[in-house]
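In the working numbering, the protein residues as written are 33 to 180.
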C-alpha cells in the first residue's frame, strides 16, 4: 500500500487490526471526539463465499460473525465500521477513526495511527511469508542410469 491510502484501504486496515493494537494506538492519540450514533454496534452474521482455485464458480463457504456500526461526529463527518467478530469496542473505535480521517484530523491520524497499523500489518505479512518460505521444498528430476 502507498502512503496515500484511500478510504477503503484505511477501513481495511482498521477492520483487520488486532483489537489490542488498535485500542493502544487510539488511546495514544488522546482524541475523544463527541459523536452521535447513526447505528449502534450490532452483531450479526454474513455469508462468506469462496471460489475453487480463485477462478471457479462461487459457492457459499459458511457464515462469519461481524459487528457493524455508524456514527456522526459533531463536526458532521460520518464514520462506518464492519469488523470480524463480536468486539463492539473495536467497531466503535474504527468508526470514530474513519470519521476523523475524513476531516482536518485526517493527515495527523494518517501519519501516526494509520502508518503504524500499516507497518505492523506489513511486518506480520512478511513474517508469515518467511515462515512459509522456510517450509518450501524444491523438487527436481534427476535422470539416473541412462546408457548412452
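For glycine and all other residues, C-beta sits at the position ideal for the given N, C-alpha and C.
Taking residue 76 as part of the beta strand (DSSP E), name the residues at either end of that continuous run.
-> 67–83
Straight-line gap, residue 67 to residue 59 (C-alpha atoms, nearest Å) | For the pair residue 67 and residue 59, the Cα-to-Cα distance works out to about 17 Å.
Rounded Cβ spacing between residue 54 and residue 46 (contact assumed at less than 8 Å) = 7 Å
Over what stretch of residues does the beta strand (DSSP E) that includes residue 102 continue unbroken?
-> 90–105
Note the first and the last residue of the continuous beta strand (DSSP E) segment covering residue 137.
-> Counting along the chain, residue 137 falls outside any beta strand (DSSP E), and DSSP gives it neither H nor E.
Cα-Cα separation, residue 164 to residue 49 | 21 Å
How many angstroms separate the CA atom of residue 73 from the CA atom of residue 112?
-> 10 Å
Stretch-stretch touch, CB-based, cutoff 8 Å, three pairs: the region 114–131 with the region 90–102 = yes
Using the rule of at least 16 other Cβ atoms within 10 Å of the residue's Cβ for burial, across every protein chain shown, is residue 169 buried or exposed?
-> exposed
Would you decide whether residue 127 is buried or exposed? Buried here means 16 or more other CB atoms lie within 10 Å of its CB.
-> buried
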